[in-house]
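The structure appears right after this line, and notes come after that.
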Amino acid sequence: MDSQTQMKQVVADAAIKNVKNGMILGLGSGSTAALMIKSLADEIRLGKLQNIRAVATSFQAEVLALQLNIPLIDLASVSQIDLAIDGADEVDPGFNLIKGGGACHVREKLVASKADQLLIVVDETKLVQNLNQSFPLPVEVLPNAWKQVQEMISEMNGRSSLRMATKKAGPIVTDQGNLILDVLFNDGIKNPKEIEMTINNIPGVLENGLFVGLTDKVLVGKIENNTPVAYSPSRAS
Ligand code: 5RP
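First residue of the sequence shown? That's 206 in the working numbering, and the numbers climb one at a time after it.
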C-alpha cells in the first residue's frame, strides 16, 4: 500500500468510530470515502454496528454499498441524516472545501446539507491555506449551456475547461447527465461564499464544488515515524 493510501485508510477507519447504532448515514464518494464504506461494511458484518441505513451520494457509493450489503435508502425518503462522511479535494483552515474531483458534488452537497454533522476525511495533501490555487473548482452545467457558462465565468476572471473522459470519447457525463467545467481563478478563491453564490446564479449551472460552512469535523491522515495516524485539526476562526 503506498503512503497516500495508508493515510486514506487510517482516516477511513477513524471515521467509523463516529458512527453509532441506528444512525442514518450519508456515504460520500471518491477513493477515501470508498475505503470508509468498506470499513463500515466490515463493522456491520461483524455485528459491531447495527440498524445502520445509508444514503449514497453517487452511483459509485451506491454500487459499493449494494455490493457490501449496506442497507440503502433514498435521499427523498429521509427528512434528516445523522452523519455524512465524505472526502474532499481541498480543505482550508476554516474548513471550507472544494469537492467534485469525482464529479459527484451535486448529490454530495444535498446529503451534506441534510446532515446533522458532516465529517470530512482527507490525507494531509488536501490541506491548503487558500482554495483553488492549484485544484480547479468543478462546476456542473447543463450540456447545452456549457459554452455560455464558460463565457460568464471568464468574465469573472476564471479560466475553465470541459472535463474530458478517459476510455470514452468526449466529455465526462455526471450521474445527473450533465457536464463539468473545471475552473481556476487567477488568484484562487479568497471569498468562497460569494463565489459559490455567484457561480450558482449563472443560468445553466446546477451546482459548484464549494462547500462553505457545512463541515463540522475534519479527520486528516498523515505518516508519523513511518506509521499512518489520524488527527482532527481545530477550525481557524
Ligand atoms: C467526489 C469528491 C471526492 O470526495 C473528492 O474528489 C476526494 O476524492 P479522493 O478521496 O479520491 O481524493 O468530492 O466528487
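Heads up, the beta-carbon is just placed ideally off N, CA and C, and yes, glycines get one too.
Query                                                                                                                        : Result
Proximity below 8 Å, CB of residue 368 to CB of residue 387                                                                  : yes
Status (buried if at least 16 other CB within 10 Å, exposed otherwise) for residue 429                                       : exposed
For review: beta carbons within less than 6 Å of any heavy atom in ligand 1                                                  : 233, 234, 235, 236, 237, 238, 291, 292, 293, 294, 304, 305, 306, 307, 308, 309, 310, 313
Residue 212 classed as buried or exposed, judged by whether at least 16 other C-beta atoms fall within 10 angstroms          : buried
Proximity winner among 435, 434, 418, relative to residue 298 (alpha-carbon distances)                                       : 418
Any beta strand (DSSP E) of 3 or more consecutive residues that is wholly inside the stretch 344-394                         : 363-367, 384-390
Residues of its chain near residue 317, where Cβ-Cβ distance is below 6 Å and the 5 sequence neighbours each way are ignored : 289, 323, 419
DSSP-derived helix/strand/coil call for residue 433                                                                          : strand
Beta-ladder partner(s) of residue 259, from DSSP                                                                             : 230, 277
Inter-stretch contact at 8 Å, needing at least 3 Cβ pairs: the stretch 343-353 / the stretch 393-410                         : yes
Residue 405 in three-state terms, based on DSSP                                                                              : helix
Reduced DSSP secondary structure (H/G/I, E/B, other) of residue 283                                                          : coil
Per-residue burial, residue 241 [other beta carbons within 10 Å of its own, 16 or more giving buried]                        : buried
Residues that residue 320 bridges to, as DSSP identifies them                                                                : 286
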